[in-house]
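The block underneath contains the structure these notes are about, expressed in structure tokens.
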Amino acid sequence: METTLDEQGRVVIPEEVLRDLGLRPGSRVSVEEQGSAIVIRSISADSGLVEEDGVLLFAGETIGSVDDLIDRVREDRIREVSGLSRR
């Protein structure tokens, strides 16, 4: 996805990404520089991940329909491997 910096250097994260990651106004994130990439990671304490027998499991609540998310990821992957871009 592509977005643009405003005059103050701020970037708007697309609503779809915010929804998929469960981010809301006030959510805490970390910003890291990795080579020429900027990586933004959620550091929210309520991630829903728990460790059980050495394996991370998601024990939280989903936001939206899991089936819709799977369909979107499938469509994105089909576009990616077929060379078609999402616009």
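Under this note's numbering, the first residue of the sequence shown carries the number 26, and numbering increases by one thereafter.
For glycine and all other residues, C-beta sits at the position ideal for the given N, C-alpha and C.
Fair warning: this is a prediction, and the values are worked out from it, not measured in the lab.
Assignment of beta-bridge partners to E77 by DSSP yields V80. The three-state secondary structure of V37, taken from DSSP, is coil. The residue from G51, S67, P50 and R49 with its alpha-carbon nearest to that of E57 is S67.
For I95, the enclosing alpha helix (DSSP H) has its first and last residue at V91 to S107.
DSSP, reduced to helix, strand and coil, places R53 outside both helices and strands of the structure shown, so it counts as coil.
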